[in-house]
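Have a look at the structure below before the remarks.
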Amino acid sequence: MINQYKTLSRVLPFAVYILFLALSDYLAPICHSLNLDDKWLYVSRIVVVALLIVYFWREFTELKLTALNVRPIMADLFVALAAGLLVLFFWVAPFPAWATLGSDHASFNPVAGETKQAAFFWLSTRILGAALIVPVMEELFWRSFVMRWVDNKNFLSIRPENTSLYAYIASSVLFALEHNLWLAGLFAGLVYGALYIKYKNLWVPIFAHAVTNGLLGIWVVQTGNWQYW
């Protein structure tokens, strides 16, 4: 029962996030019927996930700086910064059609038809959510849970550095399938997974992931490539 609760704490925030995405086409008309902008769906998604992370926080032993965890040092974070930039460059590089799932579409353009104040609010919530909430949620699920669970259902018994090659690759492939740009997602999963294995602290891939997502958001705003959102 205890192990099931620890699993739930890492799975539920991610599952809720994906559920919001899956139901977005059904929830948008409800927003419209209430005279609400459907951009509030993203805000709601991030707020609910953030609340779940806060609720389960005491369960995330891999995020606590105790004797069981290796404290990240500045050198580790510089490597994470470089890794996050590398993933970003790979993510925005041109890809052939076979390297994508589905087709690109402008899924979130907070500027069109909005006042400057409203656009600033939507942009801020999108970038902050992607940079601060999503990396914690996804790294807890994909690296801390899935990557270790593949090796042992009692995943907390597996030290990051003892993760098998099979679990490392399998979790990265599954992470790739979550993204439209699956090849870029595979590369990102391999990089973030390698950081967790190498540095033995989940904050290192979280920081790299935050760098990628945060700077990607700024790049999207500057270039108008809304299809990345």
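According to this note's numbering, numbering within the sequence shown proceeds without interruption in unit steps and concludes at 762.
Where a beta carbon is used, it is the ideal one built from N, C-alpha and C, also for glycine.
Keep in mind it's a predicted model, so treat the numbers as computed, not measured.
Closest in C-alpha terms to Ala632, from the list Lys731, Leu716, Asn758, comes Leu716. For Thr658, the uninterrupted alpha helix (DSSP H) run begins and ends at 649-661, by DSSP.
DSSP places Gln760 in no alpha helix (DSSP H); its state is neither H nor E. In this chain, the alpha helix (DSSP H) harbouring Phe622 covers 607-624. Taking the C-beta atoms as reference points, Ala663 is found nearer than 8 Å to Gly747.
Around the C-beta of Asp558, fewer than 16 other C-beta atoms lie within 10 Å, and the residue is accordingly described as exposed. Phe740 sits away from Arg543, with the two beta carbons spaced by 8 Å or more. The three-state secondary structure of Asp571, taken from DSSP, is coil. With a cutoff of 8 Å on beta-carbon distance, Met670 and Phe547 are scored as near each other. Comparing C-alpha distances from Val644 to each of Ser577, Lys572, Glu694 shows the shortest one belongs to Lys572. Scanning Asn685, Val667, Tyr701, Ala630 for the CA closest to the CA of Leu714 turns up Ala630. For Ala700 against Arg681, the beta-carbon gap comes to about 7 Å, under 8 Å, which counts as contact. By alpha-carbon distance to Thr594, the top candidate from Lys733, Leu619, Gly757 is Lys733.
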